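> Under full-length UniProt numbering, residue 370 is the last one in the sequence shown; the count climbs by one each step, no gaps.
The structure's right below; bear with me while I get my questions together.
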Amino acid sequence: MNVTDMYEYDFVVVGVGPAGARFSRRAAEKGYDVLALEQGTVGTPLACSGHVSTDVWEFTGPGAREELFQNEIYGARFHVGGPRSDAYPFYKDEVASNVIDRVGLDRHLADLAREAGADVREEHTVTEVREHRDRVEVVASGPDDVHTFEAKMVAGCDGPRSRVRDELDLPEPGELLHGVLAFSEEEDHQDFVDVHLTAPTFFAWRIPRGDAGVEYGLAAPPGVQVNKHFEELIDGYEVDVSHRCSGAIPIGPPERVTTRRGFLLGDAAAQTKPFTGGGILYGMTSADHAAREIDPDRPTTLAAYERAWRDDIEREQSLGHWLRRAYSLPEPVQRIGLGALSGKIGVHMDRPTSLLSRDHLQAMVSRAFR
């Protein structure tokens with residue numbers, strides 16, 4: 001049975017991850033009628049690391065840190081090889097990042113969207129998007145019926161293999177990497193993460209999560225034996241892991257993420273960091289730009305959104321691509337570079353341009369004269 005929702009929304013948001021939930025909240029706060037559809041249950045299945053910059057708390061509500069916080073991180077140990085290889089530490093005097101409950105974050109952000117007035121519905125799988133001159137129609141299969149929702153605009157926040165992107169015939173990201181995550185139950189309150197430049201053209205990691213255990217992960221391009229390399233990582237640490245999950249990581253935004261009445265956000269738009277694959281902060285930042293710039297009654301405002309998010313993070317992404325290239329340098333070159341640069345830093349983990357910041361330059365100078 002196909003049921004048509006006669007109510008016309010301002011926005012139908014497809015996908016209620018961080019970017020979708022953030023946009024839903026901000027648009028609802030501006031008084032727009034927002035319907036947000038999640039394919040399954042918000043926050044599951046997990047397919048993203050919980051290691052984020054401390055800026056994440058700027059996007060959350062009261063009590064979020066007490067609810068979601070797991071560990072504080074001051075730096076990273078880089079390895080050119082496995083767990084027993086030499087470590088090159090990079091660190092800050094203050095907290096550099098946090099480890100959080102990643103599933104809990106999604107649910108918290110979705111709750112904030114609901115509190116702002118957005119209609120958030122789980123178990124609704126979008127199967128079709130029809131774009132017309134004056135509206136869009138979004139067909140979704142719910143728990144009981146197939147619904148057709150009408151809206152002035154549709155926001156595709158449905159991840160790296162976006163159905164909305166395909167339906168609107170928008171270009172795909174530059175590449176899709178294959179990422180794998182798993183968790184051990186070992187309690188670990190260390191304040192450093194470990195990064196291994198051993199996976200072909202990308203990297204692997206170990207993130208201590210305090211009482212919640214340890215996260216292990218690896219990402220690499222298609223064609224690489226990701227599972228084989230991941231097993232080697234786990235064997236090197238001599239641990240047992242469970243709760244394995246995997247997913248695609250989009251790298252490189254397409255040349256266009258908008259149509260006449262549709263736009264992409266988050267992983268669907270490849271608003272991610274090329275050097276880590278993380279996209280939580282970039283996606284939510286872009287969602288704020290979208291909520292600020294887009295008027296559903298004026299489709300031409302979509303161009304302002306395209307300009308705004310690119311002006312904000314495109315330079316960071318371009319520099320991030322250059323950083324990623326260093327992952328593929330010959331091992332002797334990596335060792336020399338890491339040895340020369342390791343030590344105290346003043347870099348923000350989401351902003352590669354901070355390599356040129358006063359804080360980082362002061363750290364470099366103090367290191368030279370220590």
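Glycine residues also receive a C-beta, built at the ideal position from the N, C-alpha and C atoms.
Since the model is a prediction, treat every value here as computed from it, not as a measurement.
Within its chain, find whatever has a CB closer than 7 Å to the CB of Thr-54; leave out the 5 residues flanking it on each side and keep chain order.
Excluding sequence neighbours, Thr-54 sits near Val-95, Ser-97 and Asn-98.
> Of the residues Ile-207, Ser-286, Leu-177 and Arg-298, which one's Cα is nearest the Cα of Gly-277?
Nearest option by C-alpha distance: Leu-177.
> Whether or not the region 281-296 and the region 262-270 are in contact is what I'm after, with contact meaning three or more pairs of Cβ atoms, one per stretch, closer than 8 Å; do they touch?
Verdict: yes, contact present.
> Specify, as a first and last residue, the run of the beta strand (DSSP E) that Lys-152 falls within.
Counting along the chain, the beta strand (DSSP E) containing Lys-152 begins and ends at 146-156.
> Cα separation between Met-153 and Arg-256?
One C-alpha to the other measures close to 16 Å.
> Alpha carbon to alpha carbon, how far is Gln-317 from Gly-104? Give it in angstroms, no decimals.
Each residue's Cα considered, the two are about 27 Å apart.
> In angstroms with no decimal places, state the Cα-to-Cα distance between Asp-194 and Asp-166.
Going by the C-alpha atoms only, they are around 37 Å apart.
> Under three-state DSSP, which class holds Pro-89?
Correct three-state label for Pro-89: strand.
> Inspect the beta-carbon positions of Gly-210 and Asp-106 and report whether they are closer than 7 Å.
Going by C-beta atoms, Gly-210 is not nearer than 7 Å to Asp-106.
> Counting only the same chain and skipping the five closest in sequence on each side, list residues whose C-beta sits under 7 Å from that of His-243.
Ala-182 and Phe-183, listed in sequence order.
> Can you give, in chain order, each stretch of the beta strand (DSSP E) that sits fully within the region 161-205 and has at least 3 residues?
Counting only runs of 3 or more, we get 175-184 and 192-196.
> Going by DSSP in three states, Arg-256 sits in which element: helix, strand or coil?
Residue state, collapsed to three classes: coil.
> If I follow the unbroken beta strand (DSSP E) through Tyr-216, where does it start and stop?
That run of the beta strand (DSSP E) goes 214-220.
> Using the beta-carbon count (16 or more within 10 Å), is Thr-258 buried or exposed?
So Thr-258 ends up on the buried side.
> Does the region 289-300 come close enough to the region 54-68 that 3 or more CB-CB pairs lie under 8 Å?
No, the region 54-68 does not touch the region 289-300.
> To the nearest angstrom, report how far apart Gly-31 and Leu-338 are at their CA atoms.
Distance between the alpha carbons of Gly-31 and Leu-338 is about 50 Å.
> Determine the closest residue to Arg-324 out of Tyr-305, Gly-252 and Leu-302, with distance taken between C-alpha atoms.
The option with the nearest alpha carbon to Arg-324 is Gly-252.
> Once the 5 residues before and after Thr-201 are set aside, which same chain residues still bring their CB inside 7 Å of it?
Here the set comprises Ala-220, Pro-221, Tyr-327 and Ser-328.
> Check for me: the beta strand (DSSP E) holding Phe-59 runs from which residue to which?
Careful: Phe-59 lies outside any beta strand (DSSP E) and carries neither H nor E.
> Determine the burial state of Val-12: buried for a count of at least 16 other Cβ atoms within 10 Å of its Cβ, exposed for fewer.
Result: buried.
> Shortest alpha-carbon distance to Glu-59 belongs to which of Tyr-74, Pro-83, Gly-20 and Gly-75?
As written in the sequence, residue 59 is Phe, which differs from the Glu given in the question. Closest option to Phe-59, Cα to Cα, is Gly-20.
> How do the region 117-129 and the region 38-53 stand: do at least 3 beta-carbon pairs fall below 8 Å, yes or no?
At 8 Å Cβ cutoff, the stretches touch.
> So is Glu-137 in contact with chain D if we call contact Cβ pairs under 7 Å?
Going by chain labels, chain D is absent from the structure shown, which holds only one protein chain.
> Using DSSP with H/G/I as helix, E/B as strand and the rest coil, what is Phe-230?
Three-state DSSP puts Phe-230 in a helix.
> With distances taken Cα to Cα, identify the nearest neighbour of Thr-272 among Pro-254, Gly-213, Arg-260 and Gly-262.
Comparing Cα positions, the closest option is Pro-254.
> Note down, in chain order, each residue of its chain lying with its Cβ closer than 6 Å to the Cβ of Arg-77, except the 5 sequence neighbours on either side.
Here the set comprises Ala-87, Pro-89, Phe-192 and Asp-194.
> Please name the residue in Gly-213, His-229 and Arg-260 whose C-alpha comes closest to that of Val-241.
Measuring from the Cα of Val-241, the nearest candidate turns out to be Gly-213.
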